[in-house]
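Visitor: Numbering (full-length UniProt numbering), first residue to last: 1 to 40. All C-beta atoms, glycine included, are put in the ideal place defined by N, C-alpha and C.
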Amino acid sequence: MRFLEEENRDANKTLKAQRELDEFLAFLHMFFPYRGVEGS
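1) In terms of residue numbering, what span does the alpha helix (DSSP H) encompassing Phe31 cover?
2) Between the C-alpha atoms of Leu28 and Asp22, what's the straight-line distance to the nearest angstrom?
3) CA-CA distance, residue 41 and Glu20?
4) Ordered along the chain, which non-local residues of its own chain (more than five positions away) have a Cβ less than 7 Å from that of Glu7?
See below:
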């Protein structure tokens with residue numbers, strides 16, 4: 001059970017970081033035209 005609690009906490013941290021990254025990228029795209037990852 002302890003192991004599952006650790007897993008959940010790590011998963012939540014990862015989701016939070018991913019959401020913050022998405023918001024940061026969306027913020028950048030307001031200033032720069034969007035180009036695909038392969039175009040940068």
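Guide: From the atom records:
1) The residue given as residue 31 occupies position 31 in the sequence shown. That run of the alpha helix (DSSP H) goes 2-31.
2) Taking the sequence shown and counting its residues from 1, one reaches residue 28 at position 28. Taking the sequence shown and counting its residues from 1, one reaches residue 22 at position 22. Leu28 and Asp22: Cα-Cα distance of roughly 10 Å.
3) Outside the shown range of the chain (1 to 40) lies residue 41, about which nothing can therefore be said.
4) Sequence index remark: in the sequence shown, residue 7 carries index 7 (1-based). Correct list: empty, nothing qualifies.
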